[in-house]
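Asks:
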Ligand code: IMP
Ligand code: MG
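Residue numbers (my numbering): 126 to 297.
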């Protein structure tokens, strides 16, 4: 269970942290001092990335969480999502940054964006650490373009295991 030796490293802890420093700088520059930013983290996968990223963004930030499950199997999402826990904060007129661990087909993040738009934010930007394949779903801030393999670690799981790994890898 959770055996680290069964994971082949793809992105080391240092590679991830170095990239996050640059992403946070880019995001800081994207906003003005008095912008009100609400970071929305998709649970559970986005928790570690969000925690590391927000502490390096030098802007006024509010944080909220959302839990969604996407219908489909382990390999393919259908684009239909079930909102298990919605955000608690009022985002009307605010700058939203929606954060997920990994965007694959893009259907999950697109469905969440459509849901959040109904709450009338000023704008919604999307952010993910890993971007798996080319889709026509636009993501504004991307950490790494990642090979089309199933990855775990740094928040991401396989049947709830491996989320606590400080690095990202593939299962051997
Ligand atoms: P999409 O809707 O196809 O973009 O799928 C995105 C969601 O699927 C993410 O929020 C992840 O939870 C999950 N997912 C996709 N690929 C992986 C992976 O390689 N490892 C762990 N979770 C993944
Ligand atoms: Mg997820």
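Using N, Cα and C, we set each Cβ at its ideal position, and we do this for glycine too.
Every value quoted in this text rests on a predicted model; they were computed, and no experiment measured them.
#1: As a quick exercise: from 168, 171, 179, 162, pick the residue whose alpha carbon is nearest that of residue 214.
#2: Rounded to a whole number of angstroms, what is the C-alpha to C-alpha distance between residue 183 and residue 220?
#3: Could you compute how far the alpha carbon of residue 187 sits from the alpha carbon of residue 278?
#4: For residue 126 and residue 282, I'd like the C-alpha separation in whole angstroms.
#5: Could you work out which residue in 167, 267, 171, 268 is closest to residue 241 when comparing CA atoms only?
#6: Would you call the CB atoms of residue 258 and residue 239 closer than 8 Å?
#7: Cβ of residue 242 versus every heavy atom of ligand 1: is any distance shorter than 7 Å?
#8: Mind pulling the alpha helix (DSSP H) runs of 4 or more residues that sit fully within the stretch 209 to 284?
#9: Would you identify the three-state DSSP class for residue 131, choosing helix, strand or coil?
#10: Kindly indicate which three-state DSSP category residue 182 falls into: helix, strand or coil?
#11: For residue 244, which residues from the same chain have a beta carbon less than 7 Å from its beta carbon, with the 5 sequence-adjacent residues on both sides left out?
#12: Are residue 165 and residue 191 close, meaning C-beta to C-beta below 8 Å?
#13: Would the C-beta of residue 275 count as close to ligand 1, meaning under 7 Å from any of its heavy atoms?
Replies: Taking the definition as stated:
#1: Per the Cα distances, 162.
#2: Roughly 15 Å separates the two Cα atoms.
#3: Taking the Cα positions, residue 187 is about 26 Å away from residue 278.
#4: Below a pLDDT of 50, predicted positions are generally treated as unreliable, and residue 126, at 47, falls in that range; the measurement from the model is reported next regardless. So the alpha carbons of these two residues sit roughly 12 Å apart.
#5: With distances taken between Cα atoms, residue 241 lies closest to 167.
#6: Using a Cβ distance threshold of 8 Å, residue 258 and residue 239 do not count as a contacting pair.
#7: Residue 242: no, Cβ never under 7 Å from ligand 1.
#8: Runs of alpha helix (DSSP H) with 4 or more residues, each lying fully within the stretch 209 to 284, are found at 232 to 242, listed in chain order.
#9: Looking at residue 131 - three-state DSSP - the assignment turns out to be helix.
#10: Of the three classes helix, strand and coil, the one that applies to residue 182 here is coil, per DSSP.
#11: Excluding residues within five positions, the ones whose Cβ falls inside 7 Å are 216, 217.
#12: Yes, the Cβ-Cβ distance between residue 165 and residue 191 is below 8 Å.
#13: True, at least one ligand heavy atom lies under 7 Å from that Cβ.
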